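Student: Chains as they are written, first to last, in full-length UniProt numbering: chain A, 1 to 480; chain B, 1 to 480; chain C, 1 to 480; chain D, 1 to 480.
Glycine included, every Cβ here is placed at the ideal spot set by N, Cα and C.
Computed from a predicted structure; not experimentally measured.
Number of protein chains: 4
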Amino acid sequence: MKVKTKKDYIASLKDQEVVIYYKGERVGDRTTHPAFVPHINSAAKTYELALQPEHEDLLTATSHITGNKINRFTHIHQSVDDLIKKVQMLRVIAHETASCFQRCVGFDALNSLYITTFEIDEKHGTDYFTRFRNYLEKIQEENFMLVGGMTDPKGDRSKRPSQQVDPDLFTHVVEKRDEGIVIRGAKAHQTGAVNSHEIMIVPTQNMMEGDEEYAVAAAIPLSAKGVTMIFGRQTNEERKLECGIDAGNSEFGMVGGEALVVFDDVFVPWERVFMCGEIDFTGVLVERFATLHRQNYGGCKGGVSDIVIGASALAAQYQGTLNASHIKDKLVEMLHLAETVYAGSVACSAMGSKTKSGAYYPDPLLANCTKQNITRFIYEISRLAHDIGGGILATLPFDTDLKHPEIGKYVEKYLKGVEGVSTETRIKVLRLLENMTGGTALIESMHGAGSPQSQRVMYQRLGKLGEKMKMAKKVAKADE
Amino acid sequence: MKVKTKKDYIASLKDQEVVIYYKGERVGDRTTHPAFVPHINSAAKTYELALQPEHEDLLTATSHITGNKINRFTHIHQSVDDLIKKVQMLRVIAHETASCFQRCVGFDALNSLYITTFEIDEKHGTDYFTRFRNYLEKIQEENFMLVGGMTDPKGDRSKRPSQQVDPDLFTHVVEKRDEGIVIRGAKAHQTGAVNSHEIMIVPTQNMMEGDEEYAVAAAIPLSAKGVTMIFGRQTNEERKLECGIDAGNSEFGMVGGEALVVFDDVFVPWERVFMCGEIDFTGVLVERFATLHRQNYGGCKGGVSDIVIGASALAAQYQGTLNASHIKDKLVEMLHLAETVYAGSVACSAMGSKTKSGAYYPDPLLANCTKQNITRFIYEISRLAHDIGGGILATLPFDTDLKHPEIGKYVEKYLKGVEGVSTETRIKVLRLLENMTGGTALIESMHGAGSPQSQRVMYQRLGKLGEKMKMAKKVAKADE
Amino acid sequence: MKVKTKKDYIASLKDQEVVIYYKGERVGDRTTHPAFVPHINSAAKTYELALQPEHEDLLTATSHITGNKINRFTHIHQSVDDLIKKVQMLRVIAHETASCFQRCVGFDALNSLYITTFEIDEKHGTDYFTRFRNYLEKIQEENFMLVGGMTDPKGDRSKRPSQQVDPDLFTHVVEKRDEGIVIRGAKAHQTGAVNSHEIMIVPTQNMMEGDEEYAVAAAIPLSAKGVTMIFGRQTNEERKLECGIDAGNSEFGMVGGEALVVFDDVFVPWERVFMCGEIDFTGVLVERFATLHRQNYGGCKGGVSDIVIGASALAAQYQGTLNASHIKDKLVEMLHLAETVYAGSVACSAMGSKTKSGAYYPDPLLANCTKQNITRFIYEISRLAHDIGGGILATLPFDTDLKHPEIGKYVEKYLKGVEGVSTETRIKVLRLLENMTGGTALIESMHGAGSPQSQRVMYQRLGKLGEKMKMAKKVAKADE
Amino acid sequence: MKVKTKKDYIASLKDQEVVIYYKGERVGDRTTHPAFVPHINSAAKTYELALQPEHEDLLTATSHITGNKINRFTHIHQSVDDLIKKVQMLRVIAHETASCFQRCVGFDALNSLYITTFEIDEKHGTDYFTRFRNYLEKIQEENFMLVGGMTDPKGDRSKRPSQQVDPDLFTHVVEKRDEGIVIRGAKAHQTGAVNSHEIMIVPTQNMMEGDEEYAVAAAIPLSAKGVTMIFGRQTNEERKLECGIDAGNSEFGMVGGEALVVFDDVFVPWERVFMCGEIDFTGVLVERFATLHRQNYGGCKGGVSDIVIGASALAAQYQGTLNASHIKDKLVEMLHLAETVYAGSVACSAMGSKTKSGAYYPDPLLANCTKQNITRFIYEISRLAHDIGGGILATLPFDTDLKHPEIGKYVEKYLKGVEGVSTETRIKVLRLLENMTGGTALIESMHGAGSPQSQRVMYQRLGKLGEKMKMAKKVAKADE
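#1: Roughly how many angstroms separate the alpha carbons of I221 of chain C and P38 of chain C, rounded to a whole number?
#2: Please state whether the Cβ-Cβ distance between S345 of chain B and V87 of chain B is less than 8 angstroms.
#3: Starting from the C-beta of P161 of chain C, find all residues in its chain whose C-beta is less than 6 angstroms away, skip the five residues before and the five after it, and write them out in chain order.
#4: Can you give me the Cβ contacts of L285 of chain B inside the same chain, cut-off strictly under 8 angstroms, excluding the 5 residues immediately before and after it?
#5: Please compile the residues from chain B whose C-beta is within a distance smaller than 8 angstroms of the C-beta of I84 of chain C.
#6: Quick check for students: name the residue ranges of the beta strand (DSSP E) that lie wholly in the region 115 to 156 of chain A, counting only runs of 3 or more.
#7: What residue range is occupied by the uninterrupted alpha helix (DSSP H) comprising R184 of chain A?
#8: Can you check which of these residues, B:N236, B:I65, B:G148, is closest to M394 of chain A by C-alpha distance?
#9: Just reading off the alpha helix (DSSP H) that A43 of chain A is part of, what are its end residues?
#10: For A343 of chain B, which residues from the same chain have a beta carbon less than 8 angstroms from its beta carbon, with the 5 sequence-adjacent residues on both sides left out?
#11: Suppose you measure from the CA of A458 of chain B to the CA of G390 of chain D; what does that come to, to the nearest Å?
#12: Evaluate P362 of chain D with the Cβ neighbour count: other Cβ atoms within 10 Å of its Cβ, from every protein chain shown; 16 or more gives buried, anything less gives exposed.
#13: Whole alpha helix (DSSP H) runs in the region 426 to 465 of chain A with 4 or more residues, listed along the chain?
#14: Which residue marks the beginning of the beta strand (DSSP E) containing V262 of chain C, and which one marks its end?
#15: Answer with buried or exposed for G302 of chain B, where buried requires no fewer than 16 other C-beta atoms within 10 angstroms of its C-beta.
#16: Against chain D, does Y361 of chain A count as a neighbour if the rule is that its beta carbon must be under 8 angstroms from one of theirs?
#17: In whole angstroms, what is the alpha-carbon distance linking Y47 of chain B and A247 of chain A?
#18: Can you check DSSP and say which residues form a bridge with A476 of chain A?
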């Protein structure tokens with residue numbers, strides 16, 4: 001692993017020249033921009049914890065290619081145990097960052113392509129798998145951070161890619177050359193883009209005849225010519241620029257940091273292309289990616305929820321209500337919801353199985369189950385956090401009021417809770433709660449790894465309704 | 001009505017010299033400060049619509065004191081019809097502002113004091129009711145906007161007012177003089193404070209022996225010496241200062257605008273004091289205020305929800321998903337939740353009854369029912385809005401990116417939805433949705449008019465469990 | 001009112017010769033059959049309470065035709081107050097019976113036909129309204145109990161009436177004669193049929209061209225030649241035949257008593273026909289009937305829920321858990337859900353309006369809102385009742401075990417709860433809970449007055465989504 | 001395994017002379033009584049499937065004591081894989097029976113005692129573990145079915161065992177003799193009691209000083225002198241006696257069959273006593289038993305839910321609504337809820353760990369999580385089944401009506417659904433749905449393996465709230 005420490009990680013980001021816009025301005029050094037530093041700190045934890053003996057087992061693995069020790073985020077799952085460790089790892093890191101650490105999307109892209117390129121080759125006689133293994137080995141060696149570039153803008157969703165008025169609303173190949181291909185389009189909502197090294201693009205949905213140019217998977221350095229990243233606006237994102245306590249989580253991000261990544265005729269050499277036109281494998285690739293990504297949510301959001309629960313309990317303690325029976329019951333409910341989502345991630349891992357490629361793959365129905373629950377329970381956990389935290393969550397004065405020479409004393413005096421806890425401490429905890437339960441944080445839980453309806457579609461496909469009808473018929477003795 | 005138009009309203013605010021802090025700075029002219037203008041615009045609607053013939057019936061009333069036409073927000077309910085019109089009025093105004101218009105708290109304070117001062121006098125031989133009528137007449141004449149100042153900071157909630165280490169954590173009388181009283185303390189989360197004329201303080205909870213000094217109700221001009229307002233921070237509040245489309249609702253506020261209102265030894269003459277030491281009426285006053293305020297939520301939040309529903313449908317239309325069956329079903333669910341909360345407000349009004357004072361009063365159990373549902377359904381409506389709106393709600397670029405000479409074209413191109421709708425229009429609707437379904441908006445629905453548990457306590461008191469046990473015994477023939 | 005007392009009611013039922021089957025056997029005297037007595041007792045309460053001074057105001061009204069005092073169940077609503085009293089009346093009767101009293105379906109059929117026949121005549125120049133008024137006057141005079149016969153069997157629901165393989169799966173006119181018409185078909189799930197005097201059939205859904213023969217409304221005495229009633233099986237229905245405490249509610253029914261009413265070429269004279277072929281009024285008639293019927297559910301089920309709540313509290317008291325905080329909180333939740341459904345019924349009544357016929361009609365959107373909540377909250381109330389009641393609800397021994405000479409002592413000893421309450425009393429209350437929260441009781445709440453989806457369809461039609469989209473556009477300044 | 005086949009099982013039950021009462025009468029041959037046959041058929045599946053090659057892996061195991069092949073229901077879990085196979089086995093059997101097969105309670109009693117007796121000996125120097133192993137070896141050899149006798153009647157729940165007016169309301173030791181002990185008391189809600197061979201009693205809750213005599217665990221043959229079983233009444237239980245299609249599930253039970261098992265001074269020799277007075281191990285034993293039992297619910301109830309889902313889909317198909325989008329969505333929701341509970345069972349198994357005794361034990365927090373979800377989701381699944389099934393579920397005529405020479409034709413004709421499916425087939429499926437979603441079935445899901453509150457208490461103990469508060473403090477930088 002070349003990039004080992006947080007320092008290495010930041011240095012390697014600095015080495016790349018990338019085009020990023022934030023609030024209408026081109027960003028100079030992404031590693032020191034106050035809007036990006038929290039995200040870098042979050043992602044850096046995936047490097048830092050790997051170096052800590054107590055977390056080594058979860059955060060590192062042995063490469064099945066080289067036998068070397070690698071960061072687990074670049075590993076191909078070799079067993080059910082690997083799948084379970086992935087989930088445990090995510091919860092542990094979330095306990096440190098209380099936010100998205102942004103590295104699992106690339107991780108999942110690697111695993112889904114590993115499985116699928118093997119199968120494409122098997123059917124089409126292509127050599128994507130070898131290419132991909134070579135690429136993978138390099139990533140493991142470098143220990144690079146990847147964005148998993150799946151979501152296309154999609155334009156009018158009632159239309160297929162090739163039916164859109166603007167053909168670029170789905171990312172596609174606009175030219176094939178001897179040395180490589182030229183890509184045009186964009187990937188939206190790209191978590192961790194501004195602090196990653198490369199993006200691995202994959203198709204956003206099942207492609208049909210006529211959509212061949214949209215069936216493309218490829219690895220692109222974010223410093224490639226023609227790549228522009230436009231950072232999205234998050235809830236209360238400007239508080240980070242203030243560097244005060246109002247950011248809530250001053251060190252780490254709120255959720256992930258998402259960018260619109262535009263590909264304005266970007267050239268990709270063939271050795272970095274892992275699918276090009278094989279529409280018959282787009283559906284299965286999307287399903288693999290989605291399953292591997294949905295597997296995660298009970299891990300990371302379970303861990304994030306643990307912090308919301310802890311902060312809620314602190315907020316109650318600080319205002320003297322922690323022993324009220326209704327508060328205790330609400331905390332129990334939050335614990336229950338967090339364990340329910342975690343159980344889903346563990347279960348789909350435990351029921352995982354070996355694919356033809358040798359890589360292990362979680363049970364897809366249970367992975368979808370996990371994500372579907374996330375889209376409900378994170379909202380409910382947040383609702384309960386607001387209930388416990390109180391109206392003060394919505395009306396706290398500014399950090400500058402607290403520190404103001406004249407009125408600071410009022411804020412200090414009137415927002416004091418129980419004895420022994422300073423007003424500033426109380427505000428910090430409330431700001432953390434606010435940070436973790438608001439707009440972006442909720443919406444990311446809803447739509448990350450696919451909208452709720454996408455999981456329901458999987459239930460229709462994988463739910464074995466026909467078998468269940470047969471079993472019911474037998475019990476009812478309703479066979480004729 | 002002296003203050004008739006929006007212009008009058010703004011002029012009258014300008015006339016008052018008030019002490020307001022925003023982000024650590026003393027605000028000069030509150031009527032032009034970009035953080036306050038949206039709130040002023042919202043509250044101004046209560047003046048503007050009263051002048052429109054189609055809304056006159058709902059927004060005005062005839063004073064039972066003077067027989068003059070007055071703004072309904074200064075009216076004492078004279079019938080069940082008045083109670084129902086209140087609710088209808090709130091929904092209508094919310095349709096215009098899509099946010100809190102901040103004038104009902106003062107309205108409810110007036111009505112609860114009208115009822116209660118009558119009863120205090122009856123028992124204690126005081127003359128609060130006459131004083132109050134005189135004050136009311138003036139308010140009706142001036143058509144002033146009042147803050148209803150109920151919520152004290154409360155410090156350690158496991159302790160009563162007189163048990164707190166700092167006796168000022170509940171607002172109290174620190175001195176009685178011949179001409180009046182001196183008040184010290186603060187009122188937290190004061191909706192509409194910075195754009196109101198006066199604050200009507202009332203006790204925050206039932207007071208017991210030893211807490212007499214905390215049993216105080218009084219009307220205080222916000223320009224009174226010793227009053228300091230510190231404006232609270234809202235979700236994404238700084239976007240308002242940008243004056244771009246990212247604010248979501250550029251003209252009006254998001255929710256209310258809340259302030260911490262500090263009383264640093266404020267003198268109040270006796271004619272403005274409406275309770276002073278009568279602890280035996282604190283409980284009932286709080287209950288009246290709460291009931292009258294909880295009555296509102298199905299009106300205003302029902303109206304606000306209508307806009308969230310409309311915006312969700314627009315968002316779906318703009319991305320081509322409005323006809324998907326799951327989208328239609330989610331919109332139906334939102335409609336259903338909005339009507340359920342509205343039904344509560346209508347029902348508690350329809351079941352209202354006349355008090356000894358002659359004023360009408362909503363059914364308290366049904367009013368609590370309404371508010372309890374709000375604390376759940378607004379979250380569910382927001383969750384569904386996020387579901388329909390899509391991940392883009394959380395990752396939209398900045399307004400300045402859209403308008404940027406170089407990258408504006410990318411935003412324009414890649415965030416385009418269906419034909420015939422510009423990217424800017426789409427973004428505006430998404431930003432409105434974001435604005436209405438995030439942190440502050442949710443928390444205000446949870447805790448405004450009392451935390452969920454406060455409604456549940458009322459169920460324990462008003463739910464007639466004993467009677468229901470008797471009826472069940474009779475049916476079960478379980479009487480012995 | 002000819003039929004005044006319970007005695008009159010029973011005598012009048014005895015006077016009619018009807019064909020009823022119960023468990024494969026023709027029933028001789030329906031008024032003494034142990035399966036029907038509880039239902040007769042329930043319905044009789046609509047007669048008995050009308051004679052009690054304290055309930056007279058709710059249970060009687062003044063006929064707008066004759067000016068005579070009539071039973072409210074035969075009244076045409078003349079005001080909003082009438083609409084509200086209807087709801088209050090339903091809750092009061094439910095407190096006595098803890099079950100369906102079966103007379104509102106006919107009541108709603110009368111009101112919906114009154115409104116609709118007026119409008120049919122206005123358009124088609126027919127004279128249904130006069131016929132109907134004459135019929136109504138007679139019913140008011142006799143004080144008869146009517147079944148509201150709406151639901152057809154429907155066969156294959158993906159097909160319209162005239163597309164069914166068997167044309168009789170929707171009730172239709174098979175012959176028109178000078179003196180009247182001949183009806184064939186059946187009405188399913190007919191609540192109160194076996195203890196009513198007449199059935200008022202109406203179309204089950206909107207009819208389209210080609211379905212004319214299915215557009216028929218008519219009043220048919222249940223003793224008419226060709227009418228056969230087949231009583232449906234209810235949950236634990238045989239316990240009623242035992243006449244012991246295991247029936248749960250020994251005196252009254254569980255839910256309604258439903259029958260399949262078959263019309264095997266039944267002749268109906270023209271003066272009893274109120275629609276015959278006017279397909280353009282089928283949709284509106286169905287909507288009226290449904291609205292008037294959905295209005296009820298917060299009244300009657302609210303009242304029934306009150307008994308479930310009371311019984312749950314008793315069950316807790318008898319086992320010493322009533323003061324546990326989680327039990328108290330569950331009871332509060334049940335109270336809250338009951339008030340929420342009641343609020344819906346009150347609200348749609350309060351927002352009712354006058355139709356062209358002069359009759360008042362509840363707000364249809366809010367009536368649908370009420371019923372939709374019923375389909376969820378009765379289940380939740382039952383779930384909480386089971387939670388509080390304990391596993392014993394599902395494993396109680398037989399009445400005959402309790403009274404057994406040898407093992408009675410074991411039951412007595414080991415099912416004893418707190419001191420001062422006999423085991424028998426405890427069992428009675430638990431059996432009542434079991435009776436009210438099981439299969440039939442739940443399913444009736446789900447499907448009575450229309451399946452959940454039928455209310456959702458109404459939201460799509462009445463929810464004014466377009467207006468809400470316009471309002472949202474305006475606020476977002478998204479008009480182009 | 002001596003008892004191998006269903007025939008062996010029945011014969012072995014016949015061999016035992018037991019005292020059972022059903023509906024106030026002493027039962028002669030329990031193996032032919034129509035109320036018990038369905039339960040015997042259900043339990044027999046645990047024998048039958050073990051003989052089928054395709055199920056052998058799940059239903060059998062290798063004894064760690066003898067190395068012999070044994071029925072898994074008598075096995076001590078030797079690995080995480082064993083824990084997962086337990087869950088898979090439960091789902092598979094439920095697919096056959098659509099009801100409780102009653103053998104897991106004894107299974108869990110064995111495992112919890114295996115773990116706990118080891119630890120008692122370690123602390124107290126007793127020899128319970130050896131005794132227990134000997135007993136276990138015999139049970140494995142015989143392949144007997146055990147009841148897990150935990151739940152005491154408890155009387156007044158606000159009082160401890162020794163505080164009850166009647167000391168027998170908790171099962172206790174009334175005499176110690178040289179050869180053994182004498183037991184008095186009762187165990188309530190004993191699933192499978194009437195068709196088991198032995199009962200293993202264990203304490204019902206944590207015992208404190210003064211409650212020593214209540215700290216008793218022992219194995220008692222159900223034929224022991226002084227044991228009386230009184231069978232509980234289930235929803236619609238008498239339909240089983242009719243032997244027609246109305247029973248819903250004609251071959252198997254509805255839920256389990258529960259009995260009150262009375263111990264009227266029953267003598268137990270010491271070799272069958274596994275705890276006697278060690279109050280310090282009562283809490284841990286209860287927790288082990290509860291965890292092992294709560295682990296099951298996602299397996300068996302997940303499997304039962306699969307049948308409810310299948311039957312709901314059939315019901316829709318038979319009435320022509322299976323393709324309606326709202327029906328499909330409801331089926332998806334049911335699938336999702338079933339997988340969520342299954343995921344819980346898998347997850348607690350996958351996270352299981354080795355105890356000192358060598359036996360494996362599921363993660364207790366996740367096991368409690370599973371059961372908590374069961375208490376909600378089975379209700380929701382049933383609600384959706386009712387929604388899909390329609391009102392007909394509550395009003396179906398009797399089997400004897402369908403087969404009646406005169407009116408059978410009406411039932412046949414009017415309850416017909418789509419072409420190609422007979423009315424009888426349709427009714428059978430609807431009766432199955434009714435059977436599986438009614439009173440007893442729901443209540444058993446609520447209270448089996450402990451009431452909802454008992455799981456919440458475990459969250460308070462195992463939820464690590466303190467750790468979460470510390471982690472939140474760290475992120476918020478709120479350490480002082």
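Tutor: Concretely, from the data shown:
#1: Taking the first residue of the third sequence as 1, we reach residue 221 of chain C at position 221. Taking the first residue of the third sequence as 1, we reach residue 38 of chain C at position 38. It is worth fixing the name first, because residue 221 of chain C is Pro in this sequence and not Ile. Roughly 22 angstroms separates the two Cα atoms.
#2: Start at 1 with the first residue of the second sequence, and residue 345 of chain B comes out as number 345. Start at 1 with the first residue of the second sequence, and residue 87 of chain B comes out as number 87. Taking the C-beta atoms as reference points, V87 of chain B is found nearer than 8 angstroms to S345 of chain B.
#3: Along the third sequence, one-based indexing puts residue 161 of chain C at 161. So the list reads F170, D211, Y214, once near-sequence residues are dropped.
#4: Indexing the second sequence from 1 puts residue 285 of chain B at position 285. Cβ within range, chain order: S112, L113, T116, V202, P203, A217, M275.
#5: Residue mapping note: residue 84 of chain C aligns to position 84 of the third sequence, counting from 1. Here the neighbours are A350.
#6: Correct list: 146 to 149.
#7: On the first sequence, position 184 is the one that residue 184 of chain A refers to. Judged by DSSP secondary structure, R184 of chain A falls outside any alpha helix (DSSP H) and instead within the beta strand (DSSP E) spanning 180 to 191.
#8: Position 394 of the first sequence holds residue 394 of chain A. Rather than Met, the amino acid found at residue 394 of chain A in this sequence is Ala. If we check each option's Cα against that of A394 of chain A, B:N236 comes out closest.
#9: The count along the first sequence starts at 1 and reaches residue 43 of chain A at position 43. From DSSP, the alpha helix (DSSP H) with A43 of chain A extends over 37 to 48.
#10: Position 343 of the second sequence, counted from the start, is the residue given in the question as residue 343 of chain B. Excluding positions up to five away in sequence, the list reads G298.
#11: Residue mapping note: residue 458 of chain B aligns to position 458 of the second sequence, counting from 1. Residue mapping note: residue 390 of chain D aligns to position 390 of the fourth sequence, counting from 1. For clarity, residue 458 of chain B is Met in the given sequence; the question names Ala instead. Straight-line Cα distance between these residues: approximately 38 angstroms.
#12: Counting from one through the fourth sequence, the residue named residue 362 of chain D turns up at place 362. With 16 or more Cβ atoms within 10 Å of its Cβ, P362 of chain D is classed as buried.
#13: Within the region 426 to 465 of chain A, the complete alpha helix (DSSP H) runs of at least 4 residues are 439 to 447, 452 to 462.
#14: Against the third sequence, residue 262 of chain C aligns to sequence position 262. According to the DSSP assignment, V262 of chain C belongs to the beta strand (DSSP E) that extends over 258 to 269.
#15: Stepping through the second sequence from its first residue, residue 302 of chain B is reached at position 302. Counting other Cβ atoms within 10 Å of its Cβ, G302 of chain B reaches 16 or more and is therefore classed as buried.
#16: The count along the first sequence starts at 1 and reaches residue 361 of chain A at position 361. Under the Cβ criterion of 8 angstroms, Y361 of chain A is not counted among the residues facing chain D.
#17: Against the second sequence, residue 47 of chain B aligns to sequence position 47. Against the first sequence, residue 247 of chain A aligns to sequence position 247. When rounded, the distance between both Cα atoms is 37 angstroms.
#18: Numbered from 1 along the first sequence, position 476 holds the residue referred to as residue 476 of chain A. DSSP lists no partner for A476 of chain A.
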